[in-house]
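The structure under discussion appears below in the form of structure tokens.
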């Protein structure tokens, strides 16, 4: 079961809709983003 706060979901949707990479240090969020085909840049 995947549990995410609305803030994380919002970041994923924004990255998907704008075709932009996601900047994060959050490893679980990074894994989800990559599984959705979102490019992730670690800062």
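In the UniProt record's numbering, the protein residues as written are 1 to 43. Built from N, CA and C at the ideal position, the CB exists for glycine as well. Computed from a predicted model, the values in this text were never measured in an experiment.
Asked                                                                                                                            : Found
Helix, strand or coil for residue 5 per DSSP?                                                                                    : coil
Express the C-alpha separation of residue 17 and residue 28 in angstroms, rounding to a whole number.                            : 20 Å
Is it buried or exposed for residue 9, if we count other Cβ within 10 angstroms and need 16 for buried?                          : exposed
Got a sec? Which residues, its chain only, sit under 8 Å from residue 36 by beta carbon, not counting five neighbours each side? : 12, 16
In angstroms with no decimal places, state the Cα-to-Cα distance between residue 33 and residue 22.                              : 8 Å
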